[in-house]
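For the record, the sequence lines run as chains A and B.
Here the first sequence is numbered in numbering that gives the first Met the number 0, starting from 0 and rising by one per residue.
Here the second sequence is numbered in numbering that gives the first Met the number 0, starting from 0 and rising by one per residue.
Note that CB positions come from ideal geometry on N, CA and C, so glycine has one too.
Written below as structure tokens is the structure these notes are about.
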Amino acid sequence: MAEPVLSVQNLVTRFHTADGVVRAVDGVSFDLMPGGSLGIVGESGCGKSVTHLSFLGLIPQPPGKIEGGKALFNGRDLLAMKPGDLRRIRGNDIAVIFQDPMTSLNPVLKISLQMTEGLMIHKGASRAEAEARALELLRAVGIPSPEKRFHDYPHQFSGGMRQRVMIAMALMCEPAVLIADEPTTALDVTIQAQILELIQKMRKEMGVAVILITHDLGVVASVCEDILVMYAGRVVESAETGPLFARPLHPYTFSLLRSIPRLDAEQKERLFSIPGLPPDLIHNPPGCSFNPRCPFAVKRCFREEPPLTEIEPGRKVACWVDIESKKERAT
Amino acid sequence: MSVSPLLSLRDVKVHFPIRTGFIRRRITGCIRAVNGVSFDIEKGETLGLVGESGCGKTTAAKAILGLEKTAAGEITFDGKNIAGLRGENLRMIYKDLQVIYQDPYASLNPRMTVLQIVTEPLACFNVMNARERQTRAEELLETVGLDPRYIRRYPHEFSGGQRQRIGIARALALNPSLIICDEPVSALDVSIRAQIINLLEDLQNKYHFSYLFIAHDLSVVRHISNRVAVMYLGKIVELADSKDIYASPAHPYTKALLSAIPIPDPEVEAKRRRIILTGDVPGPDSEIPGCAFASRCPSKIDRCEKESPALREIAPGHYAACLLI
Numbered sequence: 000m001a002e003p004v005l006s007v008q009n010l011v012t013r014f015h016t017a018d019g020v021v022r023a024v025d026g027v028s029f030d031l032m033p034g035g036s037l038g039i040v041g042e043s044g045c046g047k048s049v050t051h052l053s054f055l056g057l058i059p060q061p062p063g064k065i066e067g068g069k070a071l072f073n074g075r076d077l078l079a080m081k082p083g084d085l086r087r088i089r090g091n092d093i094a095v096i097f098q099d100p101m102t103s104l105n106p107v108l109k110i111s112l113q114m115t116e117g118l119m120i121h122k123g124a125s126r127a128e129a130e131a132r133a134l135e136l137l138r139a140v141g142i143p144s145p146e147k148r149f150h151d152y153p154h155q156f157s158g159g160m161r162q163r164v165m166i167a168m169a170l171m172c173e174p175a176v177l178i179a180d181e182p183t184t185a186l187d188v189t190i191q192a193q194i195l196e197l198i199q200k201m202r203k204e205m206g207v208a209v210i211l212i213t214h215d216l217g218v219v220a221s222v223c224e225d226i227l228v229m230y231a232g233r234v235v236e237s238a239e240t241g242p243l244f245a246r247p248l249h250p251y252t253f254s255l256l257r258s259i260p261r262l263d264a265e266q267k268e269r270l271f272s273i274p275g276l277p278p279d280l281i282h283n284p285p286g287c288s289f290n291p292r293c294p295f296a297v298k299r300c301f302r303e304e305p306p307l308t309e310i311e312p313g314r315k316v317a318c319w320v321d322i323e324s325k326k327e328r329a330t
Numbered sequence: 000m001s002v003s004p005l006l007s008l009r010d011v012k013v014h015f016p017i018r019t020g021f022i023r024r025r026i027t028g029c030i031r032a033v034n035g036v037s038f039d040i041e042k043g044e045t046l047g048l049v050g051e052s053g054c055g056k057t058t059a060a061k062a063i064l065g066l067e068k069t070a071a072g073e074i075t076f077d078g079k080n081i082a083g084l085r086g087e088n089l090r091m092i093y094k095d096l097q098v099i100y101q102d103p104y105a106s107l108n109p110r111m112t113v114l115q116i117v118t119e120p121l122a123c124f125n126v127m128n129a130r131e132r133q134t135r136a137e138e139l140l141e142t143v144g145l146d147p148r149y150i151r152r153y154p155h156e157f158s159g160g161q162r163q164r165i166g167i168a169r170a171l172a173l174n175p176s177l178i179i180c181d182e183p184v185s186a187l188d189v190s191i192r193a194q195i196i197n198l199l200e201d202l203q204n205k206y207h208f209s210y211l212f213i214a215h216d217l218s219v220v221r222h223i224s225n226r227v228a229v230m231y232l233g234k235i236v237e238l239a240d241s242k243d244i245y246a247s248p249a250h251p252y253t254k255a256l257l258s259a260i261p262i263p264d265p266e267v268e269a270k271r272r273r274i275i276l277t278g279d280v281p282g283p284d285s286e287i288p289g290c291a292f293a294s295r296c297p298s299k300i301d302r303c304e305k306e307s308p309a310l311r312e313i314a315p316g317h318y319a320a321c322l323l324i
């Protein structure tokens, strides 16, 4: 089997604030295969963004602190690297598309300058070479007449067009990994469909591995091969997309899937709702973080934190209870 | 129909002038945010209003609430024309017409306690004395699923979902007959949305008021509404029963919108054919002689660019505005 291009192992990131220690990422592990697509799903504050910001060295330290784990990119640990070495990888081998294309583009620089900068710094390309590549990519992401738009400023583009520019910019250095952090949350649904299709197309044509971070289970269902579900800084379930949706094994995944109104639902029925509030990462309850909201919780859930265990080939879940039989799993 | 509708809009228009020039300000054009919208809301029903950002759905709501001046058209609420009302006359309609906003952080005054927020509508209309108001506030908090002991707390002490509940309690205080919900769940976490949607449904079953439910998420709108109106660039392009709009969408825009919404089920997703729209949305200030959707429509013919289609009934209770139907 091929080696993963990115392997995150037991990553722990905490923020030391005046109110206490925030356990933002608490032992997250995953492997990303070359050309693969991984979806990370979770609600706001579950640590899905902090995970990638941590291994890319983009966490403000202090208050943040990476307190453990490894992030191996082609065998080299990103967390142990000097800032200069990490900078050579960031934007070059691993590129990121952020949620809001307006705040991630510099409003006072022309698109042409912002797009070519990376290639000239990382690969030592000449301006002419970089501009040719940028135009080629702008055409590939579907910007009509890119020559005319090339010297425009970000505010002259619409939201969807800006996100296309971001994608083109991220692909400039032919990265091995593309991290898309809520790339469509700020966009309308018809534009979202276009952008998701574009990311798929780029993955197939350029062989770039994609990590798609989102709160929308519908988005990952249509785009990703593998899925990681996060809750309160931990991975609670990981599986291939098909089996995860067909038969969720963690109570959180199970409840979340049932609580979303579906466009193709047969008839109007009452939604299943998850009681309680999203977790407070400073005052986590003892045991499993989901225990105050869990319909299946048993005594053990309030005492011990369940580890992420492989219970079937390719399926990992962090839960003491088998939700199908509603009984505690034998360990 | 024998019973007149609770709220009725007829060809309502809201235009915003575009001013240019620094010393000599002049009006050089106008944005037609709402450009001839008509619909009815019956007593006890929920009408969903969907559309993408900038289509004018919030402006339409503001026009109903008298917060935006209408350029033309009639708005009838409870048998009275309320378009263009001002001052005291406008204030009086809020006894029966209330609103829940999108952002539960911005819509509650941070310097007021929950008691003050929830009883403010009562105070505005001089209903009840102070003690009765407090009892009413406690009752309302209980109705929306909050602990009545929280009555002396301030909004910042609550989470987003709880704040939205406070906003709902405030809207209920005067027993209104129509509540306008402007994107009430889009700012909330996924696991909290179902709680609020269920609460809104329970309240309607209990008190029998009507909702105008505005959202961009068609799956939420379809779930909660009896009928759904789809807006595009200031106009309603399709209006139908929420079952029909999903089962047999008629307008090309509705079809594209429905096909663009991801369904959380990879098996279903694999079988679906997605209509990917190309082309650009015309600027809001441009005057479009024909159909507003023509620039992106996959089944456009020449006539679409010249003639503006009217909203007409294509099946009982199913309206669409398209020349090709």
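Strand pairing of residue i, partner residues [DSSP]
i: Gln97/B; result: Ile178/B
i: Asn88/B; result: Per DSSP, none; premise fails for Asn88/B.
i: Cys123/B; result: Cys123/B is not bridged to any residue.
i: Val316/A; result: Glu236/A and Thr308/A
i: Gly63/A; result: Phe14/A
i: Ile210/A; result: Leu37/A and Ile178/A
i: Arg89/A; result: Ile93/A
i: Asp353/A; result: The first residue shown for chain A is 0 and the last is 330, placing residue 353/A beyond what the model contains.
i: Met229/A; result: Val234/A
i: Leu6/B; result: Ile40/B and Phe76/B
i: Ile150/B; result: Paired residues: none, contrary to the question.
i: Phe29/A; result: Val7/A
i: Ile17/B; result: Gly28/B
i: Ala319/B; result: Glu237/B and Arg311/B
For residue j and residue i, believed in contact at Cβ under 8 Å, the rounded distance
i: Leu114/B; j: Arg135/B; result: Actually they are not in contact, since the Cβ atoms of Leu114/B and Arg135/B sit about 10 Å apart, beyond 8 Å.
i: Val176/A; j: Ala208/A; result: 5 Å
i: His14/B; j: Ala70/B; result: 5 Å
i: Val24/A; j: Val11/A; result: 6 Å
i: Pro131/B; j: Ile150/B; result: Looking at the sequence provided, one finds Glu at residue 131/B rather than Pro. The Cβ separation is near 14 Å, so there is no contact.
i: Gly28/B; j: Ile17/B; result: 4 Å
DSSP three-state assignment for residue i, whether helix, strand or coil
i: Ala245/A; result: helix
i: Ser324/A; result: coil
i: Gln8/A; result: strand
i: Met0/B; result: Unreliable positioning characterises Met0/B in this predicted model, as indicated by a pLDDT of 47, which lies under 50. A coordinate reading is not provided.
i: Lys12/B; result: strand
i: Pro145/A; result: helix
i: Ala291/B; result: coil
i: Ala239/B; result: strand
i: Asp284/B; result: coil
i: Val219/A; result: helix
i: Ala314/B; result: strand
i: Val113/B; result: helix
i: Val267/B; result: helix
i: Ala23/A; result: strand
i: Ala124/A; result: coil
Per-residue contacts from residue i into chain A (C-beta, under 8 Å)
i: Gln194/B; result: Ser272, Ile273 and Pro274
i: Leu256/B; result: Val188 and Thr189
i: Tyr245/B; result: Leu262 and Asp263
i: Ile30/B; result: Near Ile30/B there are no residues of chain A at all, since even the closest Cβ is about 16 Å away, more than 8 Å.
i: Ser52/B; result: Asp187
Listed by chain order, chain B residues near residue i by CB distance under 8 Å
i: Pro277/A; result: Ser158, Asp188, Ser190 and Ile191
i: Glu42/A; result: Asp188, Val189 and Ser190
i: Arg269/A; result: Asn197 and Glu200
Within chain B, partners of residue i - CB distance below 7 Å
i: Gln98/A; result: Correct list: empty, because the minimum Cβ distance to chain B is about 15 Å.
Contact set between residue i and chain A, taken where Cβ atoms lie within less than 7 Å
i: Glu268/B; result: Ala220 and Ser221
i: Ala259/B; result: Val188, Thr189, Gln191 and Ala192
Contacts that residue i makes with chain B (C-beta to C-beta distance below 9 Å)
i: Gly117/A; result: Ordered by position in chain B, no residue passes the 9 Å Cβ test against Gly117/A, which lies about 28 Å from the chain.
i: Gly217/A; result: Ser218, Ile260, Pro261, Ile262, Pro263, Asp264 and Glu268
i: Ile198/A; result: None at all; the shortest Cβ gap to chain B is about 13 Å.
Under 9 Å from the C-beta of residue i: neighbouring residues of chain A
i: Val17/B; result: Rather than Val, the amino acid found at residue 17/B in this sequence is Ile. Ordered by position in chain A, no residue passes the 9 Å Cβ test against Ile17/B, which lies about 17 Å from the chain.
i: Leu276/B; result: Thr189, Ile190, Ala192 and Gln193
Query - Segments of 3+ residues assigned as beta strand (DSSP E) that fall wholly inside the stretch 168-237 of chain B - result: 177-181, 209-214 and 226-231
Requested in this report: Could you name each continuous alpha helix (DSSP H) segment of 4 residues or more that falls completely within the stretch 20-89 of chain B, going from the start of the chain to the end?
Outcome: 56-63
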